[in-house]
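> Sending over a structure as structure tokens; questions will come in a sec.
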Amino acid sequence: MKVSLVTTVLNARERIEGFLASLAAQTRPPEEAIVVDGGSTDGTLEVLRRAKGIRLIEAPGASIARGRNLAIAAATHEVIAVTDADCELEPDWLERLLEPIQAGADIAMGAYRPVTETFLHRCLAAINLPDPAEWDEATFMPSSRSVAFRRSAIEAVGGYPEWLEIGEDMYVDHRWRELGLDMRLAREAVVRWHLRPDLRSTFVQYFRYARGDAIAGMHPERHALRFGVYGGALYAWGSRGGLRKLATLAGAAAYAREPVRRALRAFPDPAERALALVAIPALMGFLDAAKMAGYLAGLAARSRRSPVGRVGPDGQAEA
Numbered sequence: 007m008k009v010s011l012v013t014t015v016l017n018a019r020e021r022i023e024g025f026l027a028s029l030a031a032q033t034r035p036p037e038e039a040i041v042v043d044g045g046s047t048d049g050t051l052e053v054l055r056r057a058k059g060i061r062l063i064e065a066p067g068a069s070i071a072r073g074r075n076l077a078i079a080a081a082t083h084e085v086i087a088v089t090d091a092d093c094e095l096e097p098d099w100l101e102r103l104l105e106p107i108q109a110g111a112d113i114a115m116g117a118y119r120p121v122t123e124t125f126l127h128r129c130l131a132a133i134n135l136p137d138p139a140e141w142d143e144a145t146f147m148p149s150s151r152s153v154a155f156r157r158s159a160i161e162a163v164g165g166y167p168e169w170l171e172i173g174e175d176m177y178v179d180h181r182w183r184e185l186g187l188d189m190r191l192a193r194e195a196v197v198r199w200h201l202r203p204d205l206r207s208t209f210v211q212y213f214r215y216a217r218g219d220a221i222a223g224m225h226p227e228r229h230a231l232r233f234g235v236y237g238g239a240l241y242a243w244g245s246r247g248g249l250r251k252l253a254t255l256a257g258a259a260a261y262a263r264e265p266v267r268r269a270l271r272a273f274p275d276p277a278e279r280a281l282a283l284v285a286i287p288a289l290m291g292f293l294d295a296a297k298m299a300g301y302l303a304g305l306a307a308r309s310r311r312s313p314v315g316r317v318g319p320d321g322q323a324e325a
């Protein structure tokens, strides 16, 4: 079985050499590696032009979705592996990722783990990243930093949606689930990626994710529940009934239970652990605020495109 690895990049000078080194160190290298640069101006292009073992496509202005589609169109093999060029691949990543495909799957869903360089990073990882043992193959949605698929699978959904500026991989995941394609986990196929460095950039990231959800019509129940829960909590906390306040606190504790459980393992130092147990609930509220603001912004943008339904590639509502 021959495989084409594809990735996109934009202004990743600090990370690109690490990515290329990890690609060269694969125990099972791809038959070809295609990198689409969307117009880097920070020296990334110069590194890529000198790099051996890759095919570089320069596409200034290309979005992530457009870049992936260009790379897939240029790929010559039936199996496509996708990652991000600011990640670092474990040496056996591709070897492990291809195992479900070799066993007959349409899509192999790889793992991704953060590089937790700071206290903030470890808190964010505890909040947002379930342990691999917690993943359910029937519902897991792979990230395009660690996924492989047959060409027929991506063709079945019309490629990555170029009308979406972010969240394009989740849109494809939903379409694959709707079509009933064979999606299998590859828990040992691990890439490492770097989280946002500070609270401001983290807020913007989650704002944009939620905005993309609204534009694409993804996860409406999840976002409605978030608004309902916070609205109910504010109402209960503002009421005179002590029982309502206790119920709100109990609900908050239940909401934070899994992140706190992960934090107990991630912070062996007692002082850091105590600080994390305070910081994590606050960060969860911070991220939820970003998601709610982003979702409202996305709904406003979507209303200018179509009145109802999920937005399709033509900017109109899907049935």
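All the letters of the sequence shown, read from the start, carry residue numbers 7 to 325 under the working numbering.
C-beta: ideal position from N, C-alpha, C; glycine also.
Can valine 85 and isoleucine 60 be called in contact, C-beta distance under 8 Å?
no
> Excluding the 5 residues preceding and the 5 following asparagine 17 in the sequence, name in chain order all residues of the same chain whose CB lies nearer than 7 Å to its CB.
Ser46, Thr47, Asp48, Thr50
> Straight-line CA distance for glutamate 143 to arginine 102?
16 Å
> Expressed to the nearest angstrom, what Euclidean distance is found between the alpha-carbon atoms of alanine 323 and glutamate 52?
Confidence is the limiting factor: at alanine 323 the pLDDT is only 37, short of 50, which leaves the residue's position unreliable, though a coordinate-based value still follows. Computed Cα separation, rounded: 42 Å.
> Distance, Cα to Cα, valine 153 vs glycine 24?
Our two residues, valine 153 and glycine 24, have alpha carbons roughly 19 Å apart in a direct line.
> Rounded to a whole number of angstroms, what is the C-alpha to C-alpha distance between isoleucine 22 and methionine 176?
24 Å
> Assuming methionine 224 contacts isoleucine 113 (C-beta within less than 8 Å), just tell me the rounded distance between them.
Contact flag wrong, Cβ pair sits at about 18 Å.
> From which residue to which residue does the alpha helix (DSSP H) around glycine 281 run?
Glycine is not the amino acid found at residue 281; the sequence shown has leucine there. Counting along the chain, the alpha helix (DSSP H) containing leucine 281 begins and ends at 276-309.
> List, from N- to C-terminal side, the alpha helix (DSSP H) runs of 4 residues or more that fit wholly inside the region 207-248.
226-244
> Going by DSSP in three states, glycine 175 sits in which element: helix, strand or coil?
Looking at the sequence shown, residue 175 is not glycine but aspartate. Note: aspartate 175 maps to helix in three-state DSSP.
> If you draw a straight line from the alpha carbon of aspartate 137 to that of alanine 258, how long is it in whole angstroms?
21 Å
> Around the C-beta of proline 319, are 16 or more other C-beta atoms found within 10 angstroms, so that it is buried, or is it exposed?
The pLDDT assigned to proline 319 is 40, lower than 50, so where the model puts this residue is not dependable; a value taken from the coordinates is nonetheless given after this. By the 16-neighbour rule on beta-carbons within 10 angstroms, proline 319 is exposed.
> Would you be able to state if there are at least three C-beta pairs under 8 Å between the region 203-213 and the region 270-277?
no
> Using only CA atoms, which one of Arg214, Ala296, Ser309, Arg128 lies nearest to leucine 281?
For leucine 281, the closest of Arg214, Ala296, Ser309, Arg128 by C-alpha to C-alpha distance is Arg128.
> Quick check for students: name the residue ranges of the beta strand (DSSP E) that lie wholly in the region 107-132, counting only runs of 3 or more.
Residue ranges of uninterrupted beta strand (DSSP E) with 3 or more members, entirely inside the region 107-132 and ordered along the chain, are 113-121.
> To test your reading of the DSSP string, which unbroken beta strand (DSSP E) runs of 3 or more residues are found completely within the region 67-110?
85-88, 93-95
> Would you say leucine 43 and valine 88 are within 8 Å of each other, going by their C-beta atoms?
In the sequence as presented, leucine is not what sits at residue 43; that position holds aspartate. It is not a contact, given that the beta carbons lie outside the stated cut-off.
> Relative to the C-alpha of alanine 79, which residue among His180, Ala230, Thr13, Val121 is closest?
Nearest C-alpha to alanine 79: Thr13.
> Using the three-state DSSP reduction, which class does isoleucine 160 fall into: helix, strand or coil?
helix
> Run through DSSP, which three-state label would glutamate 38 get?
Strand at glutamate 38.
> Is there at least one Cβ from chain C nearer than 8 Å to alanine 30's Cβ?
The question asks about chain C, but that chain is absent: this structure has only one protein chain.
> With distances taken from CA atoms, which of Glu194, Tyr236, Ser245 is nearest leucine 293?
Checking every option, the nearest Cα to that of leucine 293 belongs to Tyr236.
> Should arginine 34 and leucine 100 be called a contact, given that it needs their Cβ atoms to be closer than 8 Å?
Yes, the Cβ-Cβ distance between arginine 34 and leucine 100 is below 8 Å.
> Is threonine 50 helix, strand or coil when you go by DSSP?
Residue state for threonine 50 is assigned as helix, using DSSP reduced to three classes.
> Once the 5 residues before and after aspartate 219 are set aside, which same chain residues still bring their CB inside 7 Å of it?
Gly173, His225, His229, Tyr301, Gly304
> Pull the bridge partners of phenylalanine 155 from the DSSP assignment, please.
Beta-bridge pairing links phenylalanine 155 to Ile86, Ile113.
> Applying the criterion that 16 or more other CB atoms from any shown protein chain within 10 Å of the CB defines a buried residue, is phenylalanine 155 buried or exposed?
buried
> Would you call lysine 58 buried or exposed, if buried means 16 or more other Cβ atoms sit within 10 Å of its Cβ?
exposed
> Excluding the five sequence neighbours on either side, which residues of its own chain have a C-beta within less than 8 Å of the C-beta of proline 97, listed in chain order?
Ser28, Ala31, Gln32, Thr33
> Under three-state DSSP, which class holds isoleucine 22?
Here isoleucine 22 carries a helix assignment [DSSP, helix/strand/coil].
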